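Only one structure is covered here, and it is reproduced in the block below.
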Amino acid sequence: MMQKVYSAAASVVIWLGETTTDVDLALDMILDYNNSKKKENIFSYKHDALRGLRKLFQKTWWRRIWIVQEVVAARALVIVLGRTTFPWFYLRRICSPIIQLEFTNHALAPLLRSCGFQKFRDLDSFRAAGAMPVMRLLRSTHDYHATDPRDKLYALLGMTSDISTQDLAPDYNRPVCKVFQDLVHFMAIRRGSLDLICLGQCLDPDQFQSWLPSWQAEAGVKLFGRKVRSYHAAGDTQAVVDMSQFPRTLIVEGIIADTVAMLGGSVTIAHKCASTIQRWRHLATQAKKCSYDDFLKLIGAGVDGPGFEAFLQHPRKAHPRVAQKRCHAITRTTMGRCFFTTKDGRLGLCPAKVQKDDTIAVLKGCHAPVIIRARQDHWVIVGEAYVVGMMSGEIVSGSQIGSYRLMMIPLK
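Each residue of the sequence shown is one higher than the one before, counting from 1 in the UniProt record's numbering.
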């Protein structure tokens, strides 16, 4: 209902609260940059203005799940900060030079990188896209805050292109786990998709239903590719599920494709990313089925191209825009993830909680391979993975010629 209210209004006002001295300086910078015919270099503004910009973007408003529909549905957005009012697109304009300069050698570049503008860009991209698949929205808002966990879904239903309130009506009397069980059931049966289980993680040995979306992942660690269908590990297959034991057990058809052999550790601190990747590079030479080009592609999650190797060796020599694109790709892909090789000689990235001898499965109707772990008479989800040689339907094609065998896999 609120979506209809927002879309009917001529404009929606966003109240970001009162200002402080440094936020006032940031506000002056935003207004000056937008109203000046000759755009100033953003580094020419006072240091405190950049620090104030960080405080502006760190306001709790930016992380509330219910603001997403407010931003997407509104015809026009107006921001009120203290006594000052300005249009939404002023922030889009101030973000442009930040994106271009955040990875330069300038002493203030770290301030740009840490100012938190990414949340604004996420919301702005939602606004431009309009209706989106529920999986993309859940993935993109993974770290948004909701007082009631059910709102992680209910707050998005008005913007989803593949599920509506008629399919899954909000019901606050229904337990949280039942709400997301209903969602998984609907997407598997009605849409033929198991993508949602990629949001699952077995964070506790006693956790029940590891295939349910988990909101407990470490803050700042992004899940793989927001464009869910950019990978096609299962080709164009539809989910095949046995719901006879649902929701206690979700039985899915898939292929046991490989096994984790060696672990290369994970990137947990941005400034140590380069040294960790060099360690991974050495380990990658032992993967018999993968080339060095495959390794370069892996750490950029498919973002490769001429000069990538040179960039790894001498990142400060790259053009700022090129550096920004590549640093963002590498950091987004590797941060908080573990590098591994497989028994069959492949390379991959997966959740940091992976263990040696965990299993890699390709499930029908699921865009990415998943790491699963054996537990007595069932398996649990560890998380999704990017595995070289599995992302474009190779395993499913192999099953058609007898290289791999389809089987029913019970997940709890």
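Virtual Cβ for every residue (Gly too), placed ideally from N, Cα, C.
Note that the structure is a prediction, hence the values are computed from the model and not measured.
- With contacts defined by Cβ atoms closer than 8 Å, residue 359 and residue 197 do not form a contacting pair.
- Residue 87 carries a strand assignment under DSSP once its states are collapsed to helix, strand and coil.
- For residue 230, the three-state secondary structure derived from DSSP is helix.
- DSSP places residue 185 in the uninterrupted alpha helix (DSSP H) bounded by 176 to 190.
- Residue burial is scored here from C-beta neighbours: residue 286 has fewer than 16 other C-beta atoms within 10 angstroms and is therefore classed as exposed.
- The beta carbons of residue 184 and residue 215 sit no closer together than 8 Å.
- Residue 153: not part of any beta strand (DSSP E); member of the alpha helix (DSSP H) spanning 151 to 154, first to last residue.
- Counting other Cβ atoms within 10 Å of its Cβ, residue 93 stays below 16 and is therefore classed as exposed.
- With respect to the C-alpha of residue 293, the residue from 108, 347, 240 having the closest C-alpha is 347.
- For residue 109, same chain residues with a beta-carbon under 7 Å away, outside a window of 5 residues either side, are 101, 102, 103 in chain order.
- In the DSSP annotation of this structure, residue 285 is not part of any alpha helix (DSSP H), being labelled neither H nor E.
- For residue 117, same chain residues with a beta-carbon under 7 Å away, outside a window of 5 residues either side, are 57, 95, 98 in chain order.
- Bounds of the alpha helix (DSSP H) holding residue 70 are 67 to 73.
- Relative to residue 188, the option among 149, 246, 42, 387 whose CA is nearest is 246.
- Beyond the five residues adjoining it in sequence on each side, residue 170 comes within less than 6 Å, by CB distance, of 154 in the same chain, given in chain order.
- Less than 8 Å divides the Cβ of residue 367 from the Cβ of residue 234.
- The beta carbon of residue 64 lies closer than 7 Å to those of 144, 145 in the same chain, with the five residues before and after it left out.
- Note on geometry: alpha-carbon atoms of residue 151 and residue 177 lie some 12 Å from one another.
- Of the residues assessed, residue 172 falls on the exposed side of the cut-off, its CB having fewer than 16 other CB atoms within 10 angstroms.
- Take residue 119, set aside five residues on each side of it, and the residues of its chain with a beta-carbon closer than 8 Å to its own are 57, 62, 63, in chain order.
- For residue 240, the three-state secondary structure derived from DSSP is coil.
- The residue among 168, 388, 202 with its C-alpha nearest the C-alpha of residue 375 is 202.
- Per DSSP, reduced to three states, the secondary structure at residue 97 is helical.
- Listed as beta-bridge partners of residue 262 by DSSP are 341.
- Residue 23 and residue 54 have their C-alpha atoms roughly 8 Å apart.
- Only exposed fits residue 46, as fewer than 16 other CB atoms lie within 10 angstroms of its CB.
- Under DSSP, residue 250 takes part in a beta bridge, and its partners are 411.
- Collapsing the DSSP output to three states places residue 386 in a strand.
- The alpha carbon of residue 341 has as its nearest neighbour, out of 14, 386, 333, 380, the alpha carbon of 386.
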